[in-house]
Amino acid sequence: MKRHLLSAADLTLEDATLVLDTATELAQLTERATVKKLPTLRGRTVVNLFFEDSTRTRTSFELAAKRLSADVINFSAKGSSVSKGETLKDTALTLEAMGSDAVVVRHSWSGAPVNLSRFIRGSVINAGDGTHEHPTQALLDAYTMRQRLGRVEGLRVTIVGDILHSRVARSNVLLLSTLGAEVTLVAPPTLLPTGVDAWPCAVSYDLDAVLPKSDVVMMLRVQRERMGAAYFPSTREYSRRYGLDVRRAQALSDDAIVMHPGPMVRGMEIAAEVADGLRSTIVDQVANGVSVRMAVLYLLLGGAEPAIGSDDQ
Amino acid sequence: MSAAHVRPVTGDPAAARPVLQGPEVARAVDRMAHELLEKTRGGADVVLLGIPTRGTTLARRLAARVHAFEGVAIPTGSLDITLYRDDLRLKSPRALEETDVPGDGIDDRLVVLVDDVLFSGRSVRAALDALADLGRPRAVQLAVLVDRGHRELPIRADYVGKNIPTSLKETVHVMLTEDDGQDAVLIGPADTGRAGGDR
Numbered sequence: 036m037k038r039h040l041l042s043a044a045d046l047t048l049e050d051a052t053l054v055l056d057t058a059t060e061l062a063q064l065t066e067r068a069t070v071k072k073l074p075t076l077r078g079r080t081v082v083n084l085f086f087e088d089s090t091r092t093r094t095s096f097e098l099a100a101k102r103l104s105a106d107v108i109n110f111s112a113k114g115s116s117v118s119k120g121e122t123l124k125d126t127a128l129t130l131e132a133m134g135s136d137a138v139v140v141r142h143s144w145s146g147a148p149v150n151l152s153r154f155i156r157g158s159v160i161n162a163g164d165g166t167h168e169h170p171t172q173a174l175l176d177a178y179t180m181r182q183r184l185g186r187v188e189g190l191r192v193t194i195v196g197d198i199l200h201s202r203v204a205r206s207n208v209l210l211l212s213t214l215g216a217e218v219t220l221v222a223p224p225t226l227l228p229t230g231v232d233a234w235p236c237a238v239s240y241d242l243d244a245v246l247p248k249s250d251v252v253m254m255l256r257v258q259r260e261r262m263g264a265a266y267f268p269s270t271r272e273y274s275r276r277y278g279l280d281v282r283r284a285q286a287l288s289d290d291a292i293v294m295h296p297g298p299m300v301r302g303m304e305i306a307a308e309v310a311d312g313l314r315s316t317i318v319d320q321v322a323n324g325v326s327v328r329m330a331v332l333y334l335l336l337g338g339a340e341p342a343i344g345s346d347d348q
Numbered sequence: 234m235s236a237a238h239v240r241p242v243t244g245d246p247a248a249a250r251p252v253l254q255g256p257e258v259a260r261a262v263d264r265m266a267h268e269l270l271e272k273t274r275g276g277a278d279v280v281l282l283g284i285p286t287r288g289t290t291l292a293r294r295l296a297a298r299v300h301a302f303e304g305v306a307i308p309t310g311s312l313d314i315t316l317y318r319d320d321l322r323l324k325s326p327r328a329l330e331e332t333d334v335p336g337d338g339i340d341d342r343l344v345v346l347v348d349d350v351l352f353s354g355r356s357v358r359a360a361l362d363a364l365a366d367l368g369r370p371r372a373v374q375l376a377v378l379v380d381r382g383h384r385e386l387p388i389r390a391d392y393v394g395k396n397i398p399t400s401l402k403e404t405v406h407v408m409l410t411e412d413d414g415q416d417a418v419l420i421g422p423a424d425t426g427r428a429g430g431d432r
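Chains B and D are the protein sequences, given in the same order.
Residues are numbered in the working numbering as their position in the first sequence, beginning at 1, plus a constant of 35.
Residues are numbered in the working numbering as their position in the second sequence, beginning at 1, plus a constant of 233.
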């Protein structure tokens, strides 16, 4: 039985399309018809288990669960028994004993959600694990592309920046290839993971060559906090070669959009004028995150058994 | 997701017998349109909301017939009840259908819910809950093409295309040209799939 959403690879084309279609209808209900609260998950409990800082994702999941009438417990590692030495497993079992139906987990260890899914009865939703995956971010990115450009299939998507440390990049490559988009990764060689040639995408070191042929440009933040060594000579040099400044943005085709999963460093990977420009979907992405996470929660928890996701481990 | 739109005639198709066919469906809709005009005194402040999929189609047809008879344009939309169903927890989650409420909303309007088959009444109960979240209509009425009996809730229809007494074991399939390529109401023997009208 399918219960969890651990990786974007868990989603078939049908699953992913079902999530996007469901999110579209939910957005219609909550935005246009102004239904602020749906009764669908009444009596279900969703635990937000965040071992790593997050504003966007945690708030977004909390709002999504509340709009579907689920009860939400927020649990952050700071100020909990984790700081007293409790293990991930014991923390999770404690929360489950309190009757949680789903655990939304963010952890700095790649693979923590998979680990959790082995000893938890409810659904596990990966909200970002280390440098591994962030499947709901990929879903909301695909949703935003569909909203702005009408489709995902056949789109040329360029993902630029710190691919090595990016869970967003990996999840996007997996989901977008399932949905039929052509993905190109652009980064300095030092910021590409080993084995990237086995991913379903193209790789380039030259941003200027790729930009005119892109329908979507997704800029990623350089994750300094995950870097133990120097991966590029200087911020200025990185910015000059891989940053999306005003001049580069002019090379884009008229309809192309600029995305960023946030948090962004203005002036480094993206210029402020571009981030606030008409092409930018950065604010839309945040709003769409709520609808997409409502869809995921509904499809995993709304019925007798989930409609999407991965099998039991 | 498209599964929600396609309702195959399960069981033995040869054993399904038509109760209404082609022009008989059109006549029933015409009569309902006349009754609606009569009962709502010309259709003023009426909003037609169909329950997807075939209820939405029927609502559009009713509006078109009312327009043909008296030139009144009745705002028409659709109301998905999936998130309000009382049997959500019994099956895996279903794809959502479109909810499309006409621009001026439903506050202080006379909302006529439209569905293809009235059976247990549970869909209508869910629709009433959904309506309450959308606004506060002045009154709510119900129009169905087929009333097959076997109510499980105190709900009745205001406009009925045809009353068809059925046994609980039988299934009722409404087919409409826009969705199914032809107009017909079929009664079939028991099947294991979802029966016509929601339980």
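Glycine residues also receive a C-beta, built at the ideal position from the N, C-alpha and C atoms.
The structure displayed is predicted, hence computed values, not measured ones.
One or two residues paired with Leu40(B) in a DSSP bridge: Ile160(B)
Please classify Ala261(D) as buried or exposed, where buried requires at least 16 other C-beta atoms within 10 Å of its C-beta. buried
Just to confirm my understanding: we take Gly336(D), look at its own chain, exclude 5 residues before and 5 after, and list those with CB closer than 8 Å. What are they? Pro308
Element boundaries [alpha helix (DSSP H), containing Val347(D)]: That residue, Val347(D), is in no alpha helix (DSSP H); its beta strand (DSSP E) goes Leu343 to Leu351.
Considering only DSSP beta bridges, list what Asn109(B) is partnered with. Asn83(B)
Within 7 Å (strictly less), CB to CB, does Glu60(B) reach chain D? yes
By the 10 Å Cβ neighbour count, where 16 or more other Cβ atoms means buried, how is Pro247(B) classified, buried or exposed? Per the 10 Å Cβ criterion, exposed.
Measure the beta-carbon distance from Met253(B) to Met303(B) and round it to whole angstroms, keeping in mind my assumption that it falls under 8 Å. In fact, because the Cβ distance is near 15 Å, the residues do not count as touching under 8 Å.
Which residues in the same chain have their Cβ closer than 8 Å to the Cβ of Tyr333(B), if we skip the five residues on either side of it in sequence? Thr57, Leu61, Thr75, Leu76 and Leu103
Given 8 Å, three or more beta-carbon pairs between the segment 208 to 225 of chain B and the segment 184 to 192 of chain B: yes
Are Ala360(D) and Ile284(D) touching if we call contact CB-CB under 7 Å? Yes, Cβ-Cβ distance for Ala360(D) and Ile284(D) is below 7 Å.
For Val318(B) versus Leu175(B), is the C-beta spacing smaller than 7 Å? Taking 7 Å as the cut-off, the beta carbon of Val318(B) is found no closer than this to the beta carbon of Leu175(B).
Return the CA-CA distance between Gly146(B) and Asp362(D), expressed in angstroms with no decimal places. For Gly146(B) and Asp362(D), the gap between their C-alpha atoms comes out near 42 Å.
Mind pulling the chain B residues with CB within less than 7 Å of Pro326(D)? Tyr333, Leu334, Gly337, Gly338 and Ala342
Using a beta-carbon distance cut-off of less than 8 Å, what residues from the segment 298 to 328 of chain D approach chain B? Under the 8 Å Cβ criterion, the segment 298 to 328 of chain D contributes Asp313, Leu316, Tyr317, Leu321, Arg322, Leu323, Lys324, Ser325, Pro326, Arg327 and Ala328.
What does Val505(D) touch in chain B if you count any residue whose Cβ is under 7 Å from its own? In this structure chain D extends from 234 to 432, so residue 505(D) is not present and cannot be described.
Of all the CB atoms in chain D, is at least one closer than 7 Å to the CB of Thr80(B)? no
Once DSSP output is grouped into helix, strand and coil, what is the label at Pro170(B)? Here Pro170(B) sits in helix by DSSP.
Within chain D, the residues that Gln182(B) reaches when beta carbons sit closer than 7 Å: Those within 7 Å of Gln182(B) in chain D number zero; the least Cβ separation is about 16 Å.
Neighbourhood of Arg369(D) by C-beta distance below 6 Å, restricted to the same chain and skipping five residues each side: Asp340
Where the beta strand (DSSP E) containing Arg271(B) begins and where it ends: Where Arg271(B) is concerned, there is no enclosing beta strand (DSSP E), although the alpha helix (DSSP H) it sits in stretches over Thr270 to Tyr277.
Need the endpoints of the alpha helix (DSSP H) that Ile194(B) sits in, please. Element bounds for Ile194(B): not the alpha helix (DSSP H) but the beta strand (DSSP E), Arg191 to Val195.
Applying the criterion that 16 or more other CB atoms from any shown protein chain within 10 Å of the CB defines a buried residue, is Asp136(B) buried or exposed? Asp136(B) is classed as buried because its beta carbon has at least 16 other beta carbons within 10 Å across all chains shown.
Quick one: what's got a C-beta closer than 7 Å to Met180(B)'s C-beta in the same chain, skipping five residues either side? Val187, Leu190 and Val251
Using the Cα positions of Thr289(D) and Arg301(B), report the straight-line distance between them to the nearest angstrom. Going by the C-alpha atoms only, they are around 48 Å apart.
Is it buried or exposed for Gln320(B), if we count other Cβ within 10 angstroms and need 16 for buried? buried
How would you list, in chain order, the residues of chain D whose beta-carbon sits under 9 Å from the beta-carbon of Pro74(B)? Taking the beta carbon of Pro74(B) as reference, the chain D residues within 9 Å of it are Leu316, Tyr317, Asp362 and Asp366, listed in sequence order.
Chain D contact for Leu199(B) (CB, 7 Å cutoff): no
How about Gly338(B) and Ser356(D): do their beta carbons lie closer than 7 Å? no
Assign Lys324(D) to one of three DSSP states: helix, strand, or coil. Lys324(D): coil per DSSP, three-state reduction.
So Thr20(B) contacts chain D; which residues on that side make the cut at Cβ distance below 9 Å? Nothing about residue 20(B) can be reported from this structure: the residues present for chain B run from 36 to 348 only.
Can you check the segment 232 to 305 of chain B for any beta strand (DSSP E) of at least 3 residues that lies completely inside it and give the ranges in chain order? 237 to 239, 251 to 254 and 292 to 294
Where His300(D) sits in the DSSP three-state scheme: The answer is helix: DSSP assigns His300(D) an H, G or I state.
Could you spell out the range, first to last residue, of the alpha helix (DSSP H) harbouring Ala127(B)? Leu123 to Ala132 is the span of the alpha helix (DSSP H), which, as asked, contains Ala127(B).
Using a cut-off of 7 Å between C-beta atoms, extract the partners of Leu64(B) located in chain D. Thr332
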